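**Student:** Just passing along the structure, written as structure tokens.
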Amino acid sequence: MRKLLDFLISKVHWFLFALLEAIAFMLVYRNNAYQQSVMFSTANVISANVVSVGGMIGSYLNLREKNRDLVERNGQLEIEVLKLQRQLEIIMADTLTFRAYSNSSTKSFPYDIEIAKVVNNSVSYLSNYITIDKGRLDNIERDMGVISEHGVVGIVSTVAEHFSVIIPILNPKFRLSCKVLGSGYFGSMSWDGKNTQYAKLDELPRHVDFKVGDTIVTSAYSAIFPEGIMMGVVSSFEKQHDDNFYSLKVKLSTDFTNLNMVMVIKNNHKNEQQSVEKDSKGND
Amino acid sequence: MINIIRGTLYFVTLCLIQVLVLNNIHFLRLATPLLYVYFIIKLPVGYSPVQTLFLSFLMGIMIDILSNTPGMHVAACTLVGFIRPKMIRLFKRENLPDNIAPSFSSFSYGSFVRFAITLVAIHHLSLFLIESLALFDILYFSIRFIAGVLTTIILIIIVETFHKTPKRGGD
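The listed protein sequences derive, respectively, from chains Y and E. Just so we're aligned: the first sequence equals residues 0 to 283 in numbering that gives the first Met the number 0. Just so we're aligned: the second sequence equals residues 0 to 170 in numbering that gives the first Met the number 0.
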């Protein structure tokens, strides 16, 4: 008995090793489930404050570029406003059509945005995450869409009081239904883990007409993003093994290595859309 | 006592450097140096296996929480902490005092570098293997592995070289 005990004590680091590794793998697997815990992520207040120091410094370093981007974007929007104003004038000239127009299609737009600052961002891993400085107190919830001025960024996964963690496109857990602009056919967008500039769009039917350089936008099938948000442009394509679908290589419009400000999209009709979808599934 | 203070300083500085600076570096979009392994390498030789394991675990979990990668760094660090005492026995020639940390002077140049390369390689190998539970591509995996180990080792050698000079002048 004593010998056994001596033996066990002399090998105690083996048991400790097994225990600690077990804890580590438990964390890995729990993280692989979609739901992440707030404690073990940058959403918790202490670590979020540490990493936001880096974010603060980083946002100063990029100010010049950001400024140029904003001016450009501002110009685009101004042109759009002018265009719309002209259209409005034309429609206003004929009151009858204006009435018809305003009744059917200018009903309340169901989306709302909340601007947030990126405080931590990784692109070097296979599973990347982004932390932003808005949380539950700013009415951020799980599964909200996040975009930047260039296009889609990701989906909110963990929410704490003041911070939340986003699953960006650069994460194998991210999947989103997207379509080629101008056609109604959609495929599923995911990342292959290699290059932070490219993602792939699978399951696009073979008869869809498109060419290299076409724009890929979000489809209306998810309740997360509004339809038509820029995703990227087609850079090359190939047939999939089962030969009925195309697999497209898409150059992402968002530069994930240089993210500063993002917009969280709140969809006021999301619960309605999802509950209807759920009901219809229950009826099958 | 001095070892505890030095250890804590190492721990905090390396954590902060890793999270605030190095995590933002992606050399050629491939390699991110993981300098924090230096903490595990520099633990005093005389620490018991249990102490080494526990401190490595602590380092791993700190990095994990701060870079949103639950489990991965912990698993890799714990493995390195477990293997380290065996590696010390392998690379160290004569008996060293317990409170001495591995360095160019306490080990020889060659064996310190080999010691560091072994630990860093084990660390990166386990880290990337765990990471590729989600996606696996052998070519990309090997390129990333080699690039990661190289950048980390170069950084460790640089830090170690700078580390040596003030000691010579000061003591």
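Just so you know, even glycine gets a beta-carbon here, dropped at the ideal spot from N, CA and C. Quick caveat: nothing in here was measured; it's all calculated off a predicted structure.
1. Residues of the segment 53-77 of chain Y in Cβ contact with chain E at a cutoff of 9 Å, in chain order, please.
2. Need the endpoints of the alpha helix (DSSP H) that PHE38 (chain E) sits in, please.
3. Using a beta-carbon distance below 8 Å, is VAL49 (chain Y) in contact with chain E?
4. Give me the residue from Y:ASP213, Y:ASP201, Y:LEU251 with the minimum Cα distance to PRO167 (chain Y).
5. Taking the Cβ atom as the reference point for each residue, do VAL73 (chain E) and GLY59 (chain E) lie within a distance shorter than 8 Å?
6. Can you name the residues of chain E whose CB is closer than 7 Å to the CB of TYR124 (chain Y)?
7. Please tell me whether TYR139 (chain E) has its Cβ less than 8 Å away from any Cβ of chain Y.
8. Tell me which residues share the same chain as ALA222 (chain Y) and place their Cβ nearer than 7 Å to its Cβ, disregarding the 5 neighbours each side in the sequence.
9. Which residues in chain E have a C-beta closer than 7 Å to the C-beta of TYR128 (chain Y)? List them in chain order.
10. Which one or two residues does DSSP pair with ALA115 (chain Y) in a beta bridge?
11. Suppose you measure from the CA of ASN66 (chain Y) to the CA of GLU148 (chain Y); what does that come to, to the nearest Å?
12. Would you mind stating whether LEU95 (chain E) and SER102 (chain E) have Cβ atoms separated by less than 8 Å?
13. Distance check for ASP201 (chain Y) and ILE116 (chain E), CA to CA, integer angstroms please.
14. Per DSSP, what kind of secondary structure is SER103 (chain Y) in: helix, strand or coil?
15. Taking VAL152 (chain Y) as part of the beta strand (DSSP E), name the residues at either end of that continuous run.
16. Comparing alpha-carbon positions, which option in Y:SER156, Y:SER189, Y:ASP191 lies nearest GLY134 (chain Y)?
17. Determine the chain Y residues that contact ARG28 (chain E) at a beta-carbon separation under 7 Å, and present them in chain order.
18. Taking 7 Å as the limit between beta carbons, can you name the residues of its chain near LYS248 (chain Y), skipping five residues before and five after?
19. Pull up the CB-CB distance for ILE121 (chain E) and VAL27 (chain Y), whole angstroms please, since I reckon it's below 8 Å.
20. Is ALA23 (chain Y) close to chain E? Criterion is C-beta to C-beta, closer than 8 Å.
21. Any heavy atom of the ligand PLP within a distance shorter than 7 Å of the CB on ILE155 (chain E)?
22. Between Y:VAL44, Y:VAL50, Y:PHE24, Y:GLU64, which lies nearest to GLN17 (chain E) when the distance is taken from Cα to Cα?
23. Using three-state DSSP, classify ASP137 (chain Y) as helix, strand or coil.
24. Using a C-beta cutoff of 8 Å, does TYR33 (chain Y) count as contacting chain E?
25. Taking Cβ positions only, does SER121 (chain Y) come closer than 8 Å to chain E?
26. Looking at chain Y, which residues of the segment 19-48 of chain E have a Cβ within less than 9 Å of any of its Cβ atoms?
27. I'd like to know if SER103 (chain Y) contacts chain E, where contact means its C-beta is closer than 8 Å to some C-beta of that chain.
28. Just list the residues that DSSP pairs TYR46 (chain E) with in beta bridges.
29. Using a C-beta cutoff of 8 Å, does ALA74 (chain E) count as contacting chain B?
30. Is the Cβ-Cβ distance between CYS76 (chain E) and SER55 (chain E) less than 8 Å?
31. Which residues bound the beta strand (DSSP E) around ASP201 (chain Y)?
32. Just mark TYR124 (chain Y) as buried or exposed, buried being the case when its beta carbon has 16 or more other beta carbons within 10 Å.
33. When you compare the CB positions of LEU154 (chain E) and LEU34 (chain E), do they come within less than 8 Å of one another, or not?
**Tutor:** Taking the coordinates as given:
1. Listed by position, the residues of the segment 53-77 of chain Y near chain E (Cβ gap below 9 Å) are GLY53, ILE56, GLY57.
2. Element bounds for PHE38 (chain E): 36-40.
3. Interface residue, yes.
4. Answer by Cα proximity: Y:LEU251.
5. In this structure, GLY59 (chain E) lies closer than 8 Å to VAL73 (chain E) by Cβ.
6. Under the 7 Å cutoff, chain E gives THR68, GLU130.
7. With 8 Å as the cut-off, TYR139 (chain E) counts as an interface residue toward chain Y.
8. By the criterion of a C-beta distance shorter than 7 Å, ALA222 (chain Y) is surrounded in its chain by ASN266, LYS269, GLN272, GLN273, once the five residues flanking it on both sides are discounted.
9. For a Cβ distance threshold of 7 Å, residue set ASN67 of chain E lies close to TYR128 (chain Y), ordered along the chain.
10. Looking at the DSSP assignment, ALA115 (chain Y) forms a beta bridge with Y:VAL261.
11. Rounded to the nearest angstrom, the two C-alpha atoms are 12 Å apart.
12. Against a cut-off of 8 Å, the Cβ pair of SER102 (chain E) and LEU95 (chain E) comes out as no contact.
13. Computed Cα separation, rounded: 41 Å.
14. Its pLDDT being 48, under 50, SER103 (chain Y) is placed unreliably in this model, and the value from its coordinates should be taken loosely. In the three-state reduction of the DSSP assignment, SER103 (chain Y) falls in the helix class, which pools H, G and I.
15. Residues 151-158.
16. It is Y:SER156.
17. Simply ASN194, THR195.
18. Closer than 7 Å at Cβ, skipping near neighbours: TYR197, LYS199, SER234, SER235, PHE236.
19. Actually they do not touch by this definition, with Cβ atoms about 18 Å apart.
20. True, the Cβ-Cβ gap to chain E drops below 8 Å.
21. The ligand PLP is not part of this structure, which contains no ligands at all.
22. The shortest C-alpha separation from GLN17 (chain E) is found at Y:VAL50.
23. Three-state DSSP puts ASP137 (chain Y) in a helix.
24. The predicted position of TYR33 (chain Y) is uncertain, since its pLDDT is 47 and thus under 50; no value can be drawn from it.
25. So, interface residue.
26. So the close ones are LEU19, VAL20, ASN22, ASN23, ILE24, HIS25, ARG28, LEU29, ALA30, THR31, SER47, PRO48.
27. With a pLDDT of only 48 at SER103 (chain Y), under 50, the local geometry of the prediction cannot be trusted, and the value read off the model is given with reservation. No, SER103 (chain Y) lies away from the interface with chain E (no Cβ there is under 8 Å from its Cβ).
28. Beta-bridge annotation (DSSP): TYR46 (chain E) is not paired with any residue.
29. Of the protein chains in this structure, namely Y and E, none is chain B.
30. Yes. Within cutoff.
31. First-last of the beta strand (DSSP E) with ASP201 (chain Y): 197-204.
32. Within a 10 Å sphere around the beta-carbon of TYR124 (chain Y) sit 16 or more other beta-carbons, which makes this residue buried.
33. A Cβ-Cβ contact shorter than 8 Å links LEU154 (chain E) with LEU34 (chain E).
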